[in-house]
């Protein structure tokens, strides 16, 4: 996402808010967006995530997010975390949580015979 934001500013010459353009370009690439081991450690990222994900959700994008911590613990003790809390609330409303299991991918593939027909 950071690369798309940079391209919108530097290559496309967009002045001001680039989030709508990033959302548009992301949707052009597909409607399912996956994040593996999702974590937030940077204050700048933390502050744009709510706007970015709201735009993605409004555009019909489905996200699949894995993380070693629940949404409530994302960006824990981060600078200006109070401004990040609305994003956590957004994730909590839009999520389906699965209990922790280290082999979810293998179990899903095995139970649905995904990819096994191509081996």
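In my numbering, the protein residues as written are 3 to 121. The beta carbon of each residue, even a glycine, is placed where N, CA and C say it ideally should be.
My assumption, with CB atoms under 8 Å, is that residue 35 sits in contact with residue 58. Please give the rounded CB distance. Walking along the chain shown from the start, residue 35 turns up at place 33. Walking along the chain shown from the start, residue 58 turns up at place 56. The pair is a contact, with the Cβ atoms about 7 Å apart (cut-off 8 Å).
Quick check: residue 66 and residue 33, are their CB atoms within less than 8 Å of each other? Looking up residue 66 in the chain shown gives position 64. Looking up residue 33 in the chain shown gives position 31. Contact: no.
Going by CA-CA distance only, name the one from 68, 90, 97 and 81 that's closest to residue 75. Within the chain shown, the letter at position 73 stands for residue 75. Residue 75 has its Cα closest to that of 90, out of 68, 90, 97 and 81.
Is the separation between the beta-carbon of residue 46 and that of residue 86 shorter than 8 Å? Within the chain shown, numbered from 1, the residue matching residue 46 stands at position 44. Within the chain shown, numbered from 1, the residue matching residue 86 stands at position 84. Cβ distance not < 8 Å, so residue 46 and residue 86 don't count as in contact.
Taking 8 Å as the threshold (C-beta atoms), are residue 29 and residue 6 in contact? The sequence position of residue 6 within the chain shown is 4, counting from 1. The sequence position of residue 29 within the chain shown is 27, counting from 1. Going by C-beta atoms, residue 6 is not nearer than 8 Å to residue 29.
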